[in-house]
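Below: the structure, in structure tokens.
Residue numbers (our numbering): 2 to 60.
Right, here's the structure in full:
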């Protein structure tokens, strides 16, 4: 009886998983995500957390 998860290492499955992974990591980052990352970095550099900025907590 094959071990649990051993199907992951079958050549066709492994090749399909690798192709899917390569497609995902090669996609450009959407502008909206880049904008959110920038907002988080700005909030952190100002000494505030991102959640405080989004909730309007201007302490």
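Here a beta-carbon is modelled for each residue, glycine too, at the ideal position from N, C-alpha and C.
Everything numeric in this text was worked out from a predicted model, so none of it was measured.
The alpha-carbon separation between residue 12 and residue 30 amounts to approximately 30 Å. When rounded, the separation of the alpha-carbon atoms in residue 41 and residue 22 is 26 Å. For residue 13, the secondary structure class from DSSP, reduced to helix, strand or coil, is helix. Apart from the 5 residues on each side of it in sequence, residue 37 has no Cβ closer than 7 Å to any other Cβ in its chain.
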